[in-house]
Amino acid sequence: MKPTDIGVPDYFHKVVDCQWACPAHTPVPEYIRLIAAGRYNEAYLINWTANVFPGILGRTCDRPCEPACRRSRVEDESPDGQERKEPVAICRLKRVAADYKEDIREFLPKPAAQKNGRRVACVGAGPASLTVARDLAPLGYQVVVFDGDAKAGGMMRSQIPKFRLPEEIIDEETGYVLDLSVDFRRSQYIASLKDLLAEGYDAVFVGSGAPRGQDLDLPGRKEAAKYIHLGIDWLANVAFGHTNSISKRVIVLGGGNTAMDCCRSSRRLGGEDVKVIVRSGFEQMKASPWEKEDALHEGIPILNNLVPKAFTHNGSRLTGVTFQKVRSEYDDKGRRTLVPTGEPDPHFDCDEVLIAVGQDNAFPWIERDIGIEFGKWGLPVLNEETLQSTLPNVFFGGDAAFGPKNIIWAVAHGHQAAVSIDRLLNGEEVSERPAPLTTLISQKMGLHAWRYDNDVSHERRLRVPLRDINAALKSIKIEVELGFDPQLAAREAQRCLNCDVQTVFTTPLCIECDACMDICPMDCISFVHNADEDALRPALRAPALNREQALYVSGTLKTGRIMVKDEDVCLHCSLCAERCPTGAWDMQKFRLDITHAGPRCRSAAAEPPLPRSEQPQPTAA
């Protein structure tokens with residue numbers, strides 16, 4: 045193998061598994077160390093810069109960072125083998141920073157003292173649009189955000205129940221964005237994109253979400269329509285106080301996070317016999333594992349492998365749902381087919397049904413003759429990196445771009461779209477993306493002294509305290525999770541392995557004493573003769589079979605051997621650097637910050653075009 049080029053930003057970025065997996069690339073170990081030190085303001089601001097909504101995401105994020113956490117790969121099993129290897133509670137530590145920070149407004153960007161003459165419209169006031177506004181408004185852009193609701197937040201406000209996300213948290217964190225001199229046009233629906241473009245906006249960002257719930261066209265659907273509701277519409281009605289009760293017997297159809305929110309909300313609004321019924325198996329459900337766990341904790345059964353066939357009714361009154369029992373079969377490409385088992389069709393009595401089987405985008409307000417192409421599933425044709433549509437000055441993000449995902453993906457889209465808009469309106473090529481800002485700084489203070497402490501905790505993952513279930517079920521507005529207190533947060537933070545403090549190897553300094561190899565607790569360092577990757581991976585001291593994780597390969601040493609380190613299981617414990625007599629190993633803290641909109645994202649070589657209002661207008665012949 046060729047020597048590893050550690051100068052490529054993505055190399056060490058990928059080694060920081062949690063940050064790599066986060067769509068917004070939040071510097072996770074950095075803010076966790078600050079939380080451990082009780083420096084909550086700084087921890088919050090690091091999060092705010094990257095993901096914009098730390099308090100919201102600390103309660104609701106889908107946590108793509110946690111499955112990637114190195115702790116879940118290297119933690120020892122319990123003696124009985126029953127304990128799961130568990131990641132650091134990254135998401136709930138984020139909430140700690142939000143819960144215990146002080147007033148941080150003085151540290152946030154200030155409204156631009158002078159506008160730059162360019163106007164940007166954002167359709168929808170959800171996380172994607174607000175991220176665009178957050179990034180562009182301080183640069184002098186006049187950002188106008190349109191939303192049909194009276195308050196900003198989009199589906200964060202309308203689809204996430206208050207017992208998971210209190211309204212005051214949404215108000216606070218959307219307020220930080222709106223206070224940047226963003227023009228929020230509340231209670232204003234956009235009925236025509238053509239008309240909006242005619243108002244002279246230099247760019248338009250569409251962050252209108254996926255507002256249409258998928259329905260089930262089954263026998264009995266029309267007859268019993270009064271008692272059958274689309275999940276996202278019902279949740280919105282609950283959020284805005286239009287619905288405050290439900291029947292005692294409720295069936296929720298669907299296996300995603302919306303279904304979990306529907307069933308848990310039903311329990312709080314009068315549902316006594318609430319069931320979730322899903323066509324897939326339990327493990328194949330789209331809901332996050334913790335969402336399913338929360339529903340089960342509240343006494344809500346989840347019945348799997350049942351496909352709805354018909355709504356039964358007595359006149360217009362719903363009486364229940366009939367299902368077909370199925371099993372999953374997979375072909376040689378892993379594609380699933382649901383096959384009837386031949387068992388009798390089960391029937392479950394109920395008084396109301398909530399359908400939460402998926403969401404679709406709805407763009408009836410976007411004319412099809414203005415240059416925006418739509419493809420499969422009615423989604424716009426976009427450049428996946430720039431979020432630019434086939435109409436160059438119109439961009440999409442969040443659920444409106446590629447279908448329903450989650451808040452953190454919407455934030456990531458907002459950042460990228462803001463970069464695209466900023467480059468477009470400064471006369472630069474949108475497809476050329478700015479490099480991130482990276483630093484790599486030695487942590488050595490002396491021969492055996494370091495600027496960081498990597499004496500990590502061996503505790504199991506700590507559980508977030510919950511409100512007593514009887515109290516929690518009394519009101520839809522009582523938050524269930526209480527969050528970590530500072531003491532629990534510090535303990536959980538100590539489980540972090542500081543993966544951003546990298547082991548950096550300098551080939552000419554190595555004398556091949558093998559001391560680092562001998563002391564490595566994971567046997568992840570080997571000195572071997574070079575070969576191609578396929579031959580090298582199984583030949584190491586501990587075979588490195590996880591090909592998704594890199595091998596760190598040195599240049600050729602004096603004996604003709606090379607040093608190979610398996611990045612997959614390295615603990616970043618610094619024992620190799622402490623033991624090395626020549627300093628060939630060093631511990632260097634790596635920091636990567638994504639470049640957002642602003643001067644650093646531009647080359648400054650191009651002349652910005654005139655704002656639309658100042659461009660020459662065509663004259664009639």
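Take 45 as the starting number for the sequence shown in the working numbering and just add one per residue. Built from N, CA and C at the ideal position, the CB exists for glycine as well. On a predicted model such as this, the values are computed, not experimentally measured, just so you know.
Would you grab the beta carbon distance between residue i and residue j for me? Rounded to a whole angstrom, and I think it's under 8 Å.
i	j	result
Lys238	Ile522	So it is not a contact: roughly 46 Å between Cβ atoms.
Glu731	Val132	Look at the range of the chain in this structure, 45 to 665, and you will see that residue 731 is not part of it.
Met304	Ala268	Contact doesn't hold; Cβ gap of about 24 Å is too wide.
Arg505	Arg539	7 Å
Cys307	Phe249	Their Cβ separation, rounded to whole angstroms, is 34 Å, which puts Cys307 and Phe249 out of contact at 8 Å.
Lys488	Met631	7 Å
Val438	Ile416	6 Å
Val60	Cys620	With 8 Å as the limit, Val60 and Cys620 do not qualify as a contact, their Cβ atoms being about 18 Å apart.
Nearest CA to the CA of residue i: which residue from the options?
i	options	result
Arg361	Arg371, Glu373, Pro352, Val397	Val397
Cys62	Lys138, Lys602, Glu622	Lys138
Glu217	Gly170, Phe190, Gly184, Val425	Gly170
Lys609	Ile638, Asp637, Glu577	Glu577
Leu382	Gly343, Asp393, Lys369	Lys369
Arg669	Leu222, Trp453, Glu473, Pro582	As displayed, the chain neither begins before 45 nor continues past 665, which places residue 669 out of reach and without an answer.
Gly102	Arg136, Ala81, Asp120, Thr287	Arg136
Thr639	Pro478, Gly315, Lys266, Met489	Pro478
Ala406	Pro448, Gly285, Met561	Pro448
Lys206	Asn288, Asn160, Ala621, Glu611	Asn288
Gly441	Val320, Gly422, Ala462	Ala462
Pro255	Arg265, Val226, Asp193, Tyr271	Asp193
Gly490	Thr626, Arg117, Pro424	Thr626
Ser252	Arg605, Ala454, Arg379, Ser464	Ala454
Asn514	Ser116, Ile214, Gly161, Glu342	Glu342
Arg230	Leu262, Gly197, Gln203, Glu211	Gly197
Cys113	Lys602, Gly599, Leu541, Thr603	Leu541
Val401	Arg323, Ala283, Val282	Arg323
Gly471	Ile451, Arg162, Thr434	Arg162
Start and end of the alpha helix (DSSP H) containing residue i?
i	result
Ile214	211-222
Asn91	84-95
Tyr55	53-59
Tyr596	First-last for Tyr596: 595-597, but that is the beta strand (DSSP E), not the alpha helix (DSSP H).
Ala165	Where Ala165 is concerned, there is no enclosing alpha helix (DSSP H), although the beta strand (DSSP E) it sits in stretches over 163-167.
Leu180	171-180
Ile513	513-516
Met304	301-312
Leu101	98-104
Pro47	No alpha helix (DSSP H) contains Pro47, which DSSP labels as neither H nor E.
Arg115	115-118
Trp334	333-341
Asp143	134-144
Tyr271	Per DSSP, Tyr271 belongs to no alpha helix (DSSP H) and is neither H nor E.
Val72	72-80
Asp578	577-580
Leu619	619-623
Glu387	First-last for Glu387: undefined, no H or E at that position.
Pull up the DSSP beta-bridge partners for residue i, would you.
i	result
Gly378	Its beta-bridge partners do not exist; DSSP assigns none.
His357	Leu362
Pro655	None, per the DSSP bridge assignment.
Phe418	Pro424
Asp440	Note on residue identity: the sequence assigns Phe, not Asp, to residue 440. Val250, per the DSSP bridge assignment.
Gln203	None; Gln203 has no bridge partner.
Lys633	Ile485, Val545
Gln432	Phe439
Leu347	Ile321
Phe367	Pro352
Trp494	Lys488
Ser372	Leu382
Gly257	Gln403
I need the boundaries of the beta strand (DSSP E) containing residue i, first residue and last residue.
i	result
Leu297	293-297
Val572	569-573
Ile606	605-610
Asp317	317-321
Asp277	Note, Asp277: premise wrong, no beta strand (DSSP E); alpha helix (DSSP H) at 275-283.
Asp393	391-393
Glu396	396-399
Val508	Run containing Val508: none; DSSP gives neither H nor E here.
Val187	186-190
Counting contacts by CB-CB distance shorter than 8 Å, is residue i in contact with chain C?
i	result
Ser464	The chain labelled as chain C is not found in the depicted structure, where only one protein chain is given.
Exercise for the section: Can you check the stretch 518-564 for any alpha helix (DSSP H) of at least 4 residues that lies completely inside it and give the ranges in chain order? Expected result: Here the runs fully enclosed are 530-537, 559-563.
message = If we require 4 or more residues per run, which alpha helix (DSSP H) segments fall completely within the stretch 448-485?
response = For the stretch 448-485, whole alpha helix (DSSP H) runs of length 4 or above, ordered along the chain, are 451-468.
Runs of 3 residues minimum, wholly inside the stretch 224-252: which ones carry the beta strand (DSSP E) assignment? Here the runs fully enclosed are 227-229, 247-250.
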